[in-house]
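In UniProt numbering, the protein residues as written are 1 to 447.
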């Protein structure tokens, strides 16, 4: 790969060669670059050998094209998107994007491409070949452009800066796409649902919704994904890798989005402000829940078609029914290796194991509290959001937790599900039964 000095030396060599041939005609030019191209086409001897690059050009057009790569001159413009090219052949290849021509077909999965090089790169997804290695961290890549982009992580180089907001990017294409967020321009349209996107890569990702394509398969389990990034994030569940570390408290995360959200705890930044009141939140999900206080809107539950044959419970997913049935059958296939306790579901065992390790991976984005499982975090979050999604059908009271609503409804129904085994007295709350048993010195066994 030629560096800046190499390009400069190459131009210098071309100029020296050209200077010997200048007086061939009387044509005049406004700059040296135009003169170089003219001489390359009209006056250079064939074959012309470059001593600097150790290359020989058999055609005048070849040396002229080569010289354009050195001077940066781009004479061939696309009439669809105004992109410029050094060579006419490059323009022709580019035009296939607009006309939809995909002449290069993969013999493994029938995927088609407009350029031979793109097919070659794609084939490496089947072979697993990653010939491009990072010299900093030894990570390997299937194509050179991916390596170049990766290297900006180490160098921190972001040459392309937005003149609207000052945000900088490692690639010119990223800046170009970003600028569309300011203009609102969405030139790429889905031919299935007419949804529009600011860039082609976003459209390609969207199209997988319609095709159902899941090309990225996990090598550890049977899961497959439509986006490469989703697979990379998923694999970290198996490997335990957490590459994103907070420089304030050194806590590590599996995804960059988790780190960004966590950083707001330290900075106190709350980007999402309620339009109805002055409350603000650090996470978009929290404000969505909070807004239900103002709108009164509740999420629609999916139809529950899978009914339990032992009780009145029903489920929207068949797997949830199978797990529920273990309550009736007594099956507990997941055993804790530390204390021997059995569980009906692997996720419950996983959550239980944290009581031994002390690990609390679910952290609140509004405060520094952490929890053993996601459900505990969700219950906690209502303190911040103020959401009361569980409304009583008998009165105007509403609750943030389902359990609190169930207990409250017993005031209206008179239901007392907890009975003393000694005196048959009934109670609305389990805690009330325990208190009764303690006060009356009941053992819990009928004599």
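C-beta atoms are modelled at their ideal positions from N, C-alpha and C, and glycine is treated no differently.
This structure is a prediction, so every number in the text was calculated from the model and none was measured.
If you look at residue 346, you'll find it in the alpha helix (DSSP H) that goes 346–357.
The C-alpha of residue 99 is placed about 14 angstroms away from the C-alpha of residue 191. With contacts defined as CB atoms closer than 7 angstroms, residue 199 and residue 233 fail to qualify as a contacting pair. For the pair of segments examined, the stretch 238–258 was found not to touch the stretch 137–153: the number of CB pairs separated by less than 8 angstroms stays below three. Closest in alpha carbon position to residue 226, among 212, 237, 239 and 428, is 212. In this structure, residue 418 sits near residue 430, with a CB-CB distance shorter than 7 angstroms. Sequence-distant partners of residue 105 (beyond 5 residues in either direction) whose C-beta falls short of 6 angstroms from its own C-beta, in its chain, are 112. The secondary-structure analysis by DSSP pairs residue 390 across a beta bridge with 399. If you compare the alpha carbons of 115, 346 and 162 with that of residue 175, the shortest gap goes to 162. Rounded to whole angstroms, the gap between the alpha carbons of residue 202 and residue 268 is 32 angstroms. For a cut-off of 8 angstroms, the C-beta gap from residue 224 to residue 214 is around 4 angstroms, short enough to register as a contact. As computed with DSSP, residue 419 is found in a beta bridge with 426. Ranking 164, 153, 416 and 338 by CA distance to the CA of residue 183 puts 164 first. 79 is the residue among 107, 366, 109 and 79 whose C-alpha sits nearest the C-alpha of residue 96.
Judged by their CB atoms, residue 405 and residue 390 are nearer to each other than the 7 angstroms cut-off.
For residue 153, the enclosing alpha helix (DSSP H) begins and ends at 144–155. Residue state for residue 222 is assigned as coil, using DSSP reduced to three classes. Residue 283 sits away from residue 229, with the two beta carbons spaced by 7 angstroms or more. Residue 188 sits in a strand when the DSSP states are folded into three classes. Judged by their CB atoms, residue 186 and residue 169 are not nearer to each other than the 7 angstroms cut-off. In the DSSP assignment, residue 116 falls within the alpha helix (DSSP H) that extends over 116–127. The secondary-structure analysis by DSSP pairs residue 307 across a beta bridge with 314. Secondary structure within the UniProt domain "C2H2-type" (362–389): the alpha helix (DSSP H) runs of 4 or more consecutive residues, fully enclosed, are 374–385 (chain order). The beta carbon of residue 416 is closer than 8 angstroms to those of 410, 426, 427 and 428 in its chain, skipping five residues each way along the sequence. Sequence-distant Cβ neighbours of residue 157 in its own chain, meaning closer than 7 angstroms and more than five residues away, are 170.
By the beta-carbon neighbour count (other beta carbons within 10 angstroms, threshold 16), residue 122 is buried.
Rounded to whole angstroms, residue 339 and residue 438 show a C-alpha spacing of 29 angstroms. If the five residues before and after residue 354 are omitted, its C-beta is found closer than 6 angstroms to the C-beta atoms of 372, all from its own chain and listed in chain order. Counting other Cβ atoms within 10 Å of its Cβ, residue 383 stays below 16 and is therefore classed as exposed.
Here residue 181 carries a helix assignment [DSSP, helix/strand/coil]. Each residue's CA atom was taken as its position, placing residue 159 and residue 346 some 48 angstroms apart.
Minimum Cα-Cα distance from residue 274 among the listed residues 263, 288, 370 and 436 corresponds to 288. Rounded to the nearest whole angstrom, the CA to CA distance from residue 332 to residue 204 is 44 angstroms.
Apart from sequence neighbours up to five positions away, the residues of its chain that approach residue 397 with a beta-carbon distance below 7 angstroms are 408, ordered along the chain. Here residue 433 is buried, its C-beta having at least 16 other C-beta atoms within 10 Å.
Apart from the 5 residues on each side of it in sequence, residue 151 sits with its Cβ closer than 7 angstroms to the Cβ of 134 in its chain, given in chain order.
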